[in-house]
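Undergrad: Note that my numbering has the sequence shown beginning at 2, numbered continuously upward. C-beta: ideal position from N, C-alpha, C; glycine also. Please read these numbers as outputs of a predicted model, since none were measured by experiment.
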Amino acid sequence: MESKVILLDQDGVVADFERGFLACWQERFPNRPHIALDQRTTFYPRDQYPQEFRDDIAQLVAEEGFYLNLPPIEGAVIGVNQMIESGHNVFICTSPLLAYIYCVPEKYSWVERYFGVEMVKNIIVAKDKTLIHGDFLVDDRPEISGVTHATWEHIVFDQPFNRHVLNRRIQWDNWQSILTQPTE
Ligand SMILES: [Mg+2]
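Right, dumping it as structure tokens:
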């Protein structure tokens with residue numbers, strides 16, 4: 002089988018940002034409303050939560066430990082290892098918060114924790130993912146744009162807030178479908 006370059010977004014594809022955020026939110030603000038995971042309709046929680054909570058949301062995700070303690074997406078650890086064992090070149094391609102102080106190093110630590118130190122070599126930090134080459138970018142963001150025309154096919158990683166997107170989509174139990182269906 003032909004070896005592919007597969008770029009994997011980190012949050013929402015391997016790290017469960019949504020689950021981690023909801024747990025932190027409910028722990029910190031138990032008396033405030035929250036939005037159930039299957040009811041999330043926007044890419045950023047700040048755009049769906051009441052606007053008066055905007056600053057608290059920004060602060061919560063920028064805090065020490067938030068990114069480090071995100072749980073993995075169900076099936077991600079097995080799935081990534083299957084990709085690697087199948088001979089593909091797998092990279093974590095992540096666009097960190099502008100509030101990077103804890104976010105960036107904790108993203109590195111997170112990758113080491115779940116995928117091992119060798120995988121740390123394959124982390125690409127890029128605010129503009131169109132600049133990165135690859136066959137596929139697996140990403141939960143509904144639309145991805147940048148300064149150049151991307152070489153990769155954007156495979157949508159299925160999340161409740163991106164179901165309107167018509168791209169091919171996967172979850173970790175069917176990632177192999179990106180290899181077997183035509184890309185055009
Ligand atoms: Mg993401």
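(1) Does the distance between the C-beta of residue 142 and the nearest non-hydrogen atom of ligand 1 fall short of 7 Å?
(2) How would you write the range of the beta strand (DSSP E) that residue 92 sits in, first residue to last?
(3) Excluding the 5 residues flanking residue 72 on each side, which residues of the same chain have their C-beta closer than 7 Å to its C-beta?
(4) Considering only heavy atoms of ligand 1, does any lie closer than 7 Å to the CB of residue 66?
(5) Return yes when the C-beta of residue 166 is under 7 Å from any heavy atom of ligand 1, and no when it is not.
(6) Is there contact here, the stretch 100-107 with the stretch 58-72, by at least three beta-carbon pairs under 8 Å?
(7) Here's the rule: buried if 16 or more other CB atoms are within 10 angstroms of the residue's CB, otherwise exposed. What is residue 132?
(8) Grab the span of the beta strand (DSSP E) containing residue 39 for me, first residue to last.
(9) By how many angstroms is the C-alpha of residue 57 removed from the C-alpha of residue 25?
(10) For the beta strand (DSSP E) containing residue 154, name the first residue and the last one.
(11) Residue range of the alpha helix (DSSP H) that residue 81 falls in?
(12) Give the secondary structure of residue 167 by DSSP, where H, G and I count as helix, E and B as strand, and everything else as coil.
(13) Using DSSP's beta-bridge definition, name the partner residues of residue 125.
(14) Any contact between the stretch 153-161 and the stretch 33-49? By contact I mean 3 or more CB pairs, one from each, below 8 Å.
(15) Per DSSP, residue 7 forms a beta bridge with which residues?
(16) If the criterion is Cβ atoms closer than 8 Å, does the pair residue 111 and residue 138 meet it?
TA: Taking the structure as given:
(1) Here the question's residue 142 lines up with position 141 in the sequence shown. Yes, the beta carbon of residue 142 sits closer than 7 Å to at least one heavy atom of ligand 1.
(2) Reading the sequence shown from its first residue, position 91 is the one you call residue 92. 90-95 is the span of the beta strand (DSSP E), which, as asked, contains residue 92.
(3) Taking the first residue of the sequence shown as 1, we reach residue 72 at position 71. Contacts found: 17, 20 and 21.
(4) Translated into the one-based positions of the sequence shown, residue 66 becomes position 65. No, ligand 1 has no heavy atom inside 7 Å of this Cβ.
(5) To locate residue 166, count along the sequence shown from 1; it is residue 165. Outside the cutoff, so no.
(6) yes
(7) The residue given as residue 132 occupies position 131 in the sequence shown. That one is exposed.
(8) Here residue 39 corresponds to residue number 38 of the sequence shown, with the count starting at 1. Looking at the DSSP string, residue 39 is not in any beta strand (DSSP E), and its letter there is neither H nor E.
(9) Locating residue 25 in the sequence shown gives position 24, where the first residue counts as 1. Locating residue 57 in the sequence shown gives position 56, where the first residue counts as 1. The alpha-carbon atoms of residue 25 and residue 57 are separated by roughly 11 Å.
(10) Locating residue 154 in the sequence shown gives position 153, where the first residue counts as 1. Per DSSP, residue 154 belongs to the beta strand (DSSP E) from 154-158.
(11) As a first step, residue 81 must be located in the sequence shown, where it is residue number 80. Where residue 81 is concerned, the enclosing alpha helix (DSSP H) stretches over 77-86.
(12) By 1-based counting over the sequence shown, the position of residue 167 is 166. In this structure, residue 167 counts as coil in the three-state DSSP scheme.
(13) Here residue 125 refers to the residue found at position 124 of the sequence shown. According to DSSP, which records beta bridges pairwise, residue 125 is partnered with 94.
(14) yes
(15) For this step, residue 7 is matched to residue 6 along the sequence shown. For residue 7, which the question treats as bridged, DSSP gives the partners 91 and 137.
(16) Here residue 111 refers to the residue found at position 110 of the sequence shown. Here residue 138 refers to the residue found at position 137 of the sequence shown. No, Cβ-Cβ distance for residue 111 and residue 138 is not below 8 Å.
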